[in-house]
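So in the numbering used here, spot 29 of the sequence shown is number 279, and the numbers just go up one at a time. Reviewing the structure listed below.
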Amino acid sequence: MASRWNLAWRDRPAEEAALLNPAFCGELIARATKDYERIRAAAFPLPLGFVVLPLVLHPPTLSALPGRANTTFATWSANNEALLAELPERTLRLRPISREALLFLTQHRALTVDGAGLRTGEKPIRLTAKAETTTPAVDDIRRAASLLGRWFANQGAPVQIHQTTVQILQTMGVTP
């Protein structure tokens with residue numbers, strides 16, 4: 251029996267194929283990466299790349315994300331324990347989609363992956379261009395992905411990137 255993630259795109263449910271396609275999911279990870287890099291002047295930690303989709307594509311979590319990137323992560327996490335209790339399972343379920351999106355981005359040279367993490371590639375996605383056809387829900391998801399990049403970048407001291415990444419993941423219940 252084939253896994254649903256191994257199905258050809260034409261054989262997947264239309265809604266799933268539209269929302270979870272590598273280009274759109276890759277755009278979300280690229281948005282988080284770009285804003286993280288802009289603030290930290292460092293690579294976006296690869297493990298954080300795997301929590302972008304579970305956070306922004308889950309409507310209850312999306313609506314609970316803070317409006318500002320200077321919100322304290324620990325406080326937000328404490329106030330949203332119920333949502334975060336499900337995050338490890340969502341992260342595991344979306345791992346194949348995140349991998350496919352990262353592969354898409356690296357194949358198109360929109361992102362690079364190195365020992366430090368994710369970096370904007372030599373052919374970055376144009377993230378400022380507004381799509382001709384979009385919806386308010388998709389615009390909210392795009393804004394949230396950018397917010398995550400800024401929010402994660404604002405956590406901890408710049409010299410403690412690895413430690414801060416581990417703390418963020420542990421706070422969310424995700425094992426690095």
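Virtual Cβ for every residue (Gly too), placed ideally from N, Cα, C. Nothing here was measured: the structure is a model prediction, and the numbers come from that model.
According to the DSSP assignment, Gly367 belongs to the beta strand (DSSP E) that extends over Gly367 to Thr370.
Between Ser348 and Leu419, the C-beta spacing is not below 8 Å. Within a 10 Å sphere around the beta-carbon of Gln357 sit fewer than 16 other beta-carbons, which makes this residue exposed. Under the three-pair Cβ rule at 8 Å, the segment 291–303 does not count as touching the segment 317–333.
For Asp364, the enclosing beta strand (DSSP E) stretches over residues Leu361 to Asp364. Phe274 has no beta-bridge partner at all, per DSSP. 8 Å or more divides the Cβ of Leu333 from the Cβ of Ala394. Cβ neighbours of Gly371 within its own chain (closer than 6 Å, five residues either side excluded): Arg359, Ala360, Leu361 and Thr362. A straight line joining the alpha-carbon of Pro338 with that of Ala280 spans about 21 Å.
Proximity to Ala282 across Val424, Lys373 and Phe402 peaks at Phe402, based on C-alpha coordinates.
In the DSSP assignment, Arg343 falls within the alpha helix (DSSP H) that extends over Leu337 to Gln357. The secondary-structure analysis by DSSP pairs Phe294 across a beta bridge with Leu368. Comparing C-alpha distances from Val424 to each of Leu353, Thr385, Ile289 and Arg340 shows the shortest one belongs to Arg340. One thing to note: Ile375 has its Cβ no nearer than 8 Å to the Cβ of Glu287.
Rounded to whole angstroms, the separation of the alpha carbons of Leu269 and Cys275 is 8 Å.
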